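**Q** Dropping the structure in here first, questions after.
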Amino acid sequence: MNYNVIVIGSGPGGYVAAIRAAQLGQRTAIVERAELGGICLNWGCIPTKALLKSAAVFTDAKDAQSYGLRLDGEIHADFPAIIRRSREVAAAMSRGVQYLLKKNNVEVIQGFGKVKPDKTVEVTADNGAVTDYHADHIIIATGARSRELPNVQQDGISIIGYREAMTLAKQPESMVVIGSGAIGSEFASFYNAIGTKVTLVEFLPRVLPVEDEETSKQIERSMKKAGITVMVDASVEKVEKENGRCKVFINSVKKGMVEMDAEVVLSAVGVTTNIENIGLEETGIKTERAKVVVDDFYATNVPGYYAIGDIVHGPALAHVASHEALICVEKICGLNPHPLDYDNIPGCTYITPEVASVGTTETKAVEAGLAIKVGKFPFTASGKAAASGARDGFVKVIFDAATHLLLGVHIVGDHVTEMIAEAVALRQKKATAEDILATIHPHPSMSEALMEATAQAMGGCVHL
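In this text, residue positions in the sequence shown follow this note's numbering: the first is 8, and each later residue adds one.
Put into structure tokens, the structure is as follows:
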């Protein structure tokens, strides 16, 4: 019952922390009340990408003729089979985490974990049995869940969250999606692609509001072109359920009060942290605005207790949680990790076309009083994009005007989430425009658009 490290929660933060601790010689246990891998592997990042892949294949099949291919007969989206594939992918990933934990001799404790004073974790099993475990270091990685609007309460049937959106028994004929962040936009894109009539409602003046304004404009155009009804500067005031359908009342700045009928309403207005009833108050761990307060190495105000992932301040992203886990554990084990640079974290949205970004937006740079150089290269001028039949989008780069340091990169296009890591590495190494221009990019490729955008910013773009 005594360990060097106990981790509560097995998501991308928790399981990475447990495995790294075990690799560094710590006797480690991980506490999980549900599936190993947490929300990301089971109900978030991975299964949604499986759904979106099915939608992409379906769209390409319908468009096969434009590539010189002929498919005899009509293509249909088999909704139950799409859902089943997504769940199988998630289950396989969860089994992979189970294998990795076993391989690294991490003990898995099934149950609900709660921190207590004196470096103790109380675990309540499904049968109600309660057991106390002790550790030198306790890492809390309990993650987050779908946030509910007070006036749009989820019932799991007509008004749903992201979990239900992945496991519906049948494809809805129509859907209203509330919120155009990554979760809302991805589900809107998926359901629209397979034939559901989708309306996307965003409270703020533009979709994907955390992205650069030009990105938002491009995505709104692409969504409308694909058939999604987009309503910005609008809020869902209430939903009335009647005869298995939803009557949705939307207050639009442009159109006033709009009444809309839909089979399903998906609430995708962000997440809320899982910090209730896990013993923080009793243990004396400080919180602020529903987040656990930690230092640069994720130690709380109570010695021996740490927190990582969605429950601490910073972007609620799987790759952030995993990196925080490594920093936290390596510091515990006496290594010398560098604090995470929260200004250099990539964000990705897996819609069509995809969105990827890192660093400052043009608006924020101007508001900060920075003198900047901006370059933009459209994929309409890209040979690889033309050959692929995916010419929507662009690469936009932002440089400091004096030093030519790379401040921000914003990309919209086909599979561009695979490109953003180059920009992250360039910013990590304090690269300048000259460094990028001196780096040979392969041709034809989508990635050479980063070089072309840089050349455009510097006034020397050949292909535009």
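Note that beta-carbon positions come from the ideal geometry of N, C-alpha and C, so glycine has one too.
Computed from a predicted model, the values in this text were never measured in an experiment.
Taking the straight line between their C-alpha atoms, what separation do you get for His448 and Arg152?
**A** The residue you call residue 448 lines up with position 441 of the sequence shown. The residue you call residue 152 lines up with position 145 of the sequence shown. Cα to Cα, His448 sits roughly 41 Å from Arg152.
**Q** With distance defined between alpha-carbon atoms, name the residue in Gly291, Met238 and Lys109 nearest to Val309.
**A** For the purposes of this step, residue 309 is taken as residue 302 along the sequence shown, with counting starting at 1. It is Gly291 whose Cα lies nearest to the Cα of Val309.
**Q** With DSSP run on the structure shown, which of helix, strand or coil describes Gly317?
**A** Taking the first residue of the sequence shown as position 1, residue 317 is located at position 310. Rather than Gly, the amino acid found at residue 317 in this sequence is Asp. In this structure, Asp317 counts as helix in the three-state DSSP scheme.
**Q** Does the Cβ of Thr368 have 16 or more other Cβ atoms within 10 Å, making it buried, or fewer, making it exposed?
**A** Position 361 of the sequence shown, counting from 1, holds the residue named residue 368. Label assigned to Thr368: buried.
**Q** Just the C-alpha distance for Tyr305 and Ile334, rounded to the nearest angstrom, thanks.
**A** As a first step, residue 305 is located in the sequence shown; it is residue number 298 there, counting from the start. As a first step, residue 334 is located in the sequence shown; it is residue number 327 there, counting from the start. For Tyr305 and Ile334, the distance between alpha carbons rounds to 8 Å.
**Q** Since Met453 and Lys391 are thought to touch, with beta carbons under 8 Å apart, how far apart are those beta carbons, to the nearest angstrom?
**A** Within the sequence shown, the letter at position 446 stands for residue 453. Within the sequence shown, the letter at position 384 stands for residue 391. At roughly 5 Å, the Cβ-Cβ gap stays under 8 Å, so Met453 and Lys391 are in contact.
**Q** What is the DSSP secondary structure of Val299, counted as helix, strand or coil?
**A** Within the sequence shown, the letter at position 292 stands for residue 299. Residue state, collapsed to three classes: strand.
**Q** Is the region 212-228 close to the region 247-258, with three or more CB pairs under 8 Å?
**A** No contact exists between the region 212-228 and the region 247-258.
**Q** With C-beta atoms as the reference, is Leu207 less than 8 Å away from Val237?
**A** The sequence position of residue 207 within the sequence shown is 200, counting from 1. The sequence position of residue 237 within the sequence shown is 230, counting from 1. The answer is yes: Cβ separation under 8 Å.
**Q** Counting Cβ pairs, one atom from each stretch, are 3 or more of them under 8 Å apart for the region 403-419 and the region 368-388?
**A** In short, these stretches touch, since the Cβ pair count reaches three.
**Q** Leaving out five residues before and five after Val96 in sequence, what residues of the same chain have Cβ atoms less than 7 Å from its Cβ?
**A** In the sequence shown, the residue the question calls residue 96 occupies position 89. Result list for Val96: Ile53, Pro54 and Ala57, in chain order.
**Q** With three or more C-beta pairs closer than 8 Å as the rule, is the region 139-149 touching the region 157-172?
**A** Contact between the region 157-172 and the region 139-149 is absent, because fewer than three Cβ pairs lie under 8 Å.
**Q** Using the beta-carbon count (16 or more within 10 Å), is Thr280 buried or exposed?
**A** Looking up residue 280 in the sequence shown gives position 273. Per the 10 Å Cβ criterion, buried.
**Q** Which residue comes first and which comes last in the beta strand (DSSP E) that contains Asp421?
**A** Counting from 1 along the sequence shown, the entry for residue 421 is found at position 414. Per DSSP, Asp421 belongs to no beta strand (DSSP E) and is neither H nor E.
**Q** Tell me which residue opens and which closes the alpha helix (DSSP H) that Pro87 is part of.
**A** The sequence position of residue 87 within the sequence shown is 80, counting from 1. It spans Phe86 to Lys110 - the alpha helix (DSSP H) in which Pro87 sits, taken as one unbroken run.
**Q** Do the region 181-194 and the region 269-278 make contact, defined as three or more Cβ pairs closer than 8 Å?
**A** Short answer: they touch.
**Q** If we count the other Cβ atoms within 10 Å of its Cβ and call it buried at 16 or more, is Val319 buried or exposed?
**A** For the purposes of this step, residue 319 is taken as the residue at position 312 of the sequence shown. Burial call: buried.
**Q** Does the beta-carbon distance from Phe65 to Ile90 come in below 8 Å?
**A** One-based indexing of the sequence shown puts residue 65 at position 58. One-based indexing of the sequence shown puts residue 90 at position 83. It is not a contact, given that the beta carbons lie outside the stated cut-off.
**Q** For my contact list, His417 and Ser364 are in at a C-beta cut-off of 8 Å; report their separation, rounded to the angstrom.
**A** In the sequence shown, residue 417 corresponds to position 410, counting from 1. In the sequence shown, residue 364 corresponds to position 357, counting from 1. Yes, His417 and Ser364 are in contact; Cβ-Cβ is about 5 Å, under 8 Å.
**Q** Could you say which of Ala68, Ala71, Arg77 and Gly51 lies nearest to Ser101 if we only look at CA atoms?
**A** Locating residue 101 in the sequence shown gives position 94, where the first residue counts as 1. Here the closest residue by C-alpha is Gly51.
**Q** Helix, strand or coil: how does DSSP classify Met238 here?
**A** As a working note, residue 238 is residue 231 in the sequence shown. Here Met238 sits in strand by DSSP.
**Q** On the three-pair Cβ rule with 8 Å, is the region 332-346 touching the region 18-38?
**A** The region 332-346, when compared against the region 18-38, does touch it at the 8 Å Cβ threshold.
**Q** If you run the structure through DSSP and keep just helix, strand and coil, what is Pro385?
**A** Indexing the sequence shown from 1 puts residue 385 at position 378. In the structure shown, Pro385 sits in a strand (DSSP, three-state: E or B).
**Q** May I ask you to verify whether the region 349-366 touches the region 424-438, counting CB pairs closer than 8 Å and requiring at least 3?
**A** Enough Cβ pairs lie closer than 8 Å, so yes.
**Q** Whole angstroms is fine: what's the gap from Gly118's alpha carbon to Gly286's?
**A** Along the sequence shown, read from residue 1 onward, the residue named residue 118 stands at position 111. Along the sequence shown, read from residue 1 onward, the residue named residue 286 stands at position 279. Their Cα atoms are separated by approximately 15 Å.
**Q** Can the beta-carbon of Ala456 be found closer than 8 Å to that of Phe384?
**A** In the sequence shown, counting from the first residue as 1, residue 456 sits at position 449. In the sequence shown, counting from the first residue as 1, residue 384 sits at position 377. Going by C-beta atoms, Ala456 is nearer than 8 Å to Phe384.
**Q** Could you tell me if Asn199 is buried or exposed, where buried requires 16 or more neighbouring beta carbons within 10 angstroms of its beta carbon?
**A** Sequence index remark: in the sequence shown, residue 199 carries index 192 (1-based). With 16 or more Cβ atoms within 10 Å of its Cβ, Asn199 is classed as buried.
**Q** For Val205 and Ser274, I'd like the C-alpha separation in whole angstroms.
**A** Residue numbering aside, residue 205 sits at position 198 when the sequence shown is read from its first letter. Residue numbering aside, residue 274 sits at position 267 when the sequence shown is read from its first letter. So the two alpha carbons sit approximately 13 Å from each other.
**Q** Got a sec? Which residues, its chain only, sit under 8 Å from Thr203 by beta carbon, not counting five neighbours each side?
**A** By 1-based counting over the sequence shown, the position of residue 203 is 196. Only Gln178, Pro179, Glu180, Ser181 and Met182 meet the Cβ criterion.
**Q** Hey, Leu413 and Val404 are a contact pair by Cβ (cut 8 Å); roughly how many whole angstroms apart?
**A** Position 406 of the sequence shown holds residue 413. Position 397 of the sequence shown holds residue 404. Right, their Cβ atoms sit about 7 Å apart.
**Q** Using 8 Å as the threshold, is the C-beta distance between Val299 and Ala314 below it?
**A** Translated into positions along the sequence shown, residue 299 becomes position 292. Translated into positions along the sequence shown, residue 314 becomes position 307. Yes, they are a contact pair.
**Q** Determine the DSSP secondary structure at Gln435, reduced to helix, strand or coil.
**A** On the sequence shown, position 428 is the one that residue 435 refers to. Correct three-state label for Gln435: helix.
**Q** At which residue ranges does the region 121-189 contain complete alpha helix (DSSP H) runs of 4 or more residues, listed in the order of the chain?
**A** With a minimum length of 4 residues, the continuous alpha helix (DSSP H) runs that stay inside the region 121-189 are 169-172.
**Q** Would you check if the distance between the CB atom of Met230 and the CB atom of Val214 is smaller than 8 Å?
**A** The residue labelled residue 230 in the question sits at position 223 within the sequence shown. The residue labelled residue 214 in the question sits at position 207 within the sequence shown. Contact flag set, yes.
**Q** Alpha carbon to alpha carbon, how far is Gln72 from Arg92?
**A** Working through the sequence shown from its first residue, we reach residue 72 at position 65. Working through the sequence shown from its first residue, we reach residue 92 at position 85. Near 26 Å, if we compare the C-alpha coordinates of Arg92 and Gln72.
**Q** Just the Cα atoms here: how many angstroms apart are Met426 and Gly354?
**A** Counting from 1 along the sequence shown, the entry for residue 426 is found at position 419. Counting from 1 along the sequence shown, the entry for residue 354 is found at position 347. If I take the Cα positions, the gap works out to 12 Å.
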